[in-house]
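Asker: Quick note: the sequence shown uses the numbering used here, first residue 10, plus one each step. Just dropping this structure here.
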Amino acid sequence: AQNAATTAPAAEQPAARPDRVTSLGRLQPAGGVVPVFGPPGDRVAKMYPVAPGDALKAGTPVAELASRKDRLLELQVAETQQQEANTSLKFARVAGEQKVRAAEAELSLAKANKVGDLAALDARQAYLKLQVETAGASVARLEKLRAGGSQIADETMEKAKLLAAQADAEFKAGAAVRKKTETTYDETEKAATAKVDAAKAELDEALARVPTKSSEEKLALARQMAEQTVLKAPVAGTVLKVVGREGQPTGLDPVLQMADLTAMTAVAEVYEGDIERLSKWVRAGPVRAEIKNPALPRALTGTVRSEQDISRMIARNQVFAMGPREDADRRVIEVVVHLAPDAVADASRFVGLQVTVTLEPGK
């Protein structure tokens with residue numbers, strides 16, 4: 010909570026009454042005062058034209074830091090590194106994909122040659138088989154004729170058997186050639202398949218070696234660091250006070266203070282002895298409040314809505330009554346008074362004003 014800044018003496022404390030609680034308090038926005046700090050170790054290089062009373066949207070720039078030039082250079086380097094990484098990735102992918110396509114073409118050629126060559130060998134085997142069958146039939150026919158008493162010359166018989174043996178040998182040789190050819194093509198396919206797999210693995214490895222992920226993260230970090238060199242309004246609200254000046258070190262004092270002034274409260278510092286009575290009133294219903302100070306154009310009204318508006322912590326008072334006989338060290342509990350909508354405009358002109366708060370139970 011912000012310390013009160015009193016420009017006029019608070020009203021004289023009235024006599025204690027059982028039907029009311031009177032305390033000192035201070036006016037503040039319902040959402041509190043939001044200070045805008047810069048990071049420690051930097052300086053303000055430029056203040057944007059903002060002044061007390063200006064309404065700012067969340068994210069509105071208010072100041073630039075001296076480190077911005079360095080952060081922008083780092084951002085430029087990170088962008089260049091990412092471009093280089095993307096270029097390397099592109100060339101690595103093109104080269105790797107070409108190797109994969111070449112290996113796949115070699116595999117496809119091997120498969121096509123296998124189909125063609127085996128088909129030709131199968132056709133030749135069919136022809137050789139027919140020769141074997143024909144030669145065998147010729148031998149069988151001659152033997153049948155000889156058995157039937159026909160005169161078959163030995164030379165003719167031997168020639169037929171020779172042709173049958175030759176046909177059989179050619180058929181077996183053809184079968185061996187086909188088997189060898191099929192085995193050769195199977196091994197060629199395996200080698201070509203392994204070459205395709207190796208080319209794909211080499212492509213994956215080449216792509217993995219390109220530092221695209223780290224360059225993206227460096228670029229994102231550089232952008233974030235560059236963004237942080239421009240101080241922006243963290244919330245939508247009204248500027249209360251501008252503290253920052255060009256050349257001022259950051260991190261110690263806020264550059265400016267702002268707040269959402271659409272809802273105002275009075276934080277009453279109620280003496281610890283009055284809290285039980287006030288809590289009893291609140292449990293029965295909202296407690297009415299009247300807020301006064303000579304600086305205000307009129308008395309303001311508000312309510313303590315529930316026990317959630319009453320703090321659970323006893324602390325030392327932050328608002329002090331004027332006069333040498335007043336107690337400067339009291340134990341109090343903070344109570345939030347929600348100002349009525351028609352009181353917001355008057356209260357928002359005096360954030361931190363010391364006021365006298367009179368609380369009475371609702372009737």
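Backbone N, C-alpha and C fix where the C-beta goes; we use that ideal spot for every residue, glycine too.
With Glu115 as the anchor, note down where its alpha helix (DSSP H) starts and where it stops.
Answerer: Per DSSP, Glu115 belongs to the alpha helix (DSSP H) from Arg77 to Ala156.
Asker: Between which residues of its own chain and Ala54 is the CB-CB distance below 7 Å, once the five residues before and five after are set aside?
Answerer: Closer than 7 Å at Cβ, skipping near neighbours: Glu73, Leu74, Ala75, Arg77 and Glu255.
Asker: Are the beta-carbon atoms of Ala298 and Leu368 separated by less than 8 Å?
Answerer: Yes; because the gap between Cβ atoms is below 8 Å, this pair is in contact.
Asker: Along the chain, where does the beta strand (DSSP E) that runs through Gln266 open and close?
Answerer: Counting along the chain, the beta strand (DSSP E) containing Gln266 begins and ends at Leu265 to Ala268.
Asker: Cα separation between Gly371 and Ala245?
Answerer: Looking at the two C-alpha atoms, the distance is approximately 35 Å.
Asker: Helix or strand or just coil, what does DSSP make of Glu255?
Answerer: Here Glu255 sits in coil by DSSP.
Asker: Considering just the uninterrupted stretch of the alpha helix (DSSP H) at Gln175, what are its terminal residues?
Answerer: That run of the alpha helix (DSSP H) goes Asp163 to Arg218.
Asker: Quick one: which unbroken alpha helix (DSSP H) runs of 4-plus residues sit fully inside the stretch 258 to 321? Chain order, please.
Answerer: Complete alpha helix (DSSP H) runs here, min 4: 284 to 293.
Asker: With distance defined between alpha-carbon atoms, name the residue in Ala121, Val344, Leu309 and Pro303 nearest to Glu285.
Answerer: Considering only alpha carbons, the answer is Val344.
Asker: I need the boundaries of the alpha helix (DSSP H) containing Leu228, first residue and last residue.
Answerer: Element bounds for Leu228: Thr221 to Glu236.
Asker: Give a yes or no on contact between the stretch 231 to 243 and the stretch 123 to 132, applying the rule of three or more CB pairs nearer than 8 Å.
Answerer: Counting Cβ pairs under 8 Å, fewer than three are found: no touch.
Asker: Tell me, to the nearest whole angstrom, how far the beta carbon of Val264 is from that of Gly282; I am working on the premise that it is less than 8 Å.
Answerer: At roughly 42 Å, the Cβ-Cβ gap does not stay under 8 Å, so Val264 and Gly282 are not in contact.
Asker: Return yes when the Cβ of Asp63 is within less than 8 Å of the Cβ of Val248, no when it is not.
Answerer: Result yes, Cβ atoms of Val248 and Asp63 sit closer than 8 Å.
Asker: Going by DSSP, what residues sit across from Ala242 in a beta bridge?
Answerer: DSSP output for Ala242 lists no bridge partner at all.
Asker: Can you tell which of Thr202, Val279 and Leu230 has its C-alpha closest to the C-alpha of Ser117?
Answerer: Residue Thr202 is the option with its Cα nearest to Ser117.
Asker: Under 8 Å between the Cβ atoms of Lys301 and Thr259?
Answerer: For Lys301 and Thr259, no; Cβs fall outside 8 Å.
Asker: Measure the C-alpha to C-alpha separation of Gln91 and Leu84 and round it to an integer number of angstroms.
Answerer: Rounded to the nearest angstrom, the two C-alpha atoms are 11 Å apart.
Asker: Going by C-alpha distance, which of Asp79, Pro220, Arg133 and Ala200 is nearest Ala185?
Answerer: It is Arg133 whose Cα lies nearest to the Cα of Ala185.
Asker: What do you get for Asp318, buried or exposed, if any count of 16 or more other CB atoms within 10 angstroms of its CB means buried?
Answerer: Answer is buried; the Cβ neighbour count reaches 16.
Asker: Closest Cβ-Cβ distance between Pro49 and chain B: below 8 Å?
Answerer: Of the chains in the structure shown, none is chain B; there is only one protein chain.
Asker: Specify the secondary structure class of Ala352 as computed by DSSP and reduced to three states.
Answerer: The answer is helix: DSSP assigns Ala352 an H, G or I state.
Asker: From what residue to what residue does the beta strand (DSSP E) around Thr365 run?
Answerer: That run of the beta strand (DSSP E) goes Gln363 to Pro370.
Asker: Determine the extent of the beta strand (DSSP E) in which Gln160 is found, giving its start and end residues.
Answerer: Segment: none, Gln160 is in no beta strand (DSSP E) and carries neither H nor E.
Asker: Using the C-alpha atoms, what's the distance from Pro303 back to Asp8?
Answerer: The structure shown does not extend to residue 8, since the chain is modelled only from 10 through 372, so no value can be given for it.
Asker: Does DSSP put Arg334 in a helix, in a strand, or in coil?
Answerer: The predicted position of Arg334 is uncertain, since its pLDDT is 47 and thus under 50; a value taken from the coordinates is nonetheless stated next. In the structure shown, Arg334 sits in coil (DSSP, three-state: anything other than H, G, I, E or B).
Asker: Would you grab the beta carbon distance between Val251 and Val59 for me? Rounded to a whole angstrom, and I think it's under 8 Å.
Answerer: Right, their Cβ atoms sit about 6 Å apart.
Asker: Using the beta-carbon count (16 or more within 10 Å), is Pro333 buried or exposed?
Answerer: Since pLDDT at Pro333 reaches only 47, below the 50 mark, its modelled position is unreliable, and the value read off the structure follows with that caveat. Its Cβ having fewer than 16 others within 10 Å, Pro333 is exposed.
Asker: Given a cut-off of 8 Å, decide if Val341 and Val313 are closer than it, judged by their beta-carbon atoms.
Answerer: No, the Cβ-Cβ distance between Val313 and Val341 is not below 8 Å.
Asker: In three-state DSSP terms, what is Ala67?
Answerer: In this structure, Ala67 counts as coil in the three-state DSSP scheme.
Asker: Provide the residue(s) that pair with Leu36 in DSSP beta bridges, ordered along the chain.
Answerer: BP columns for Leu36 point to Ala275.
Asker: Do Val43 and Ala272 come within 8 Å of each other at the CB atom, strictly closer than that value?
Answerer: Result no, Cβ atoms of Ala272 and Val43 do not sit closer than 8 Å.
Asker: Work out the CA separation of Ala101 and Lys199 for me, nearest whole Å.
Answerer: Near 26 Å, if we compare the C-alpha coordinates of Ala101 and Lys199.
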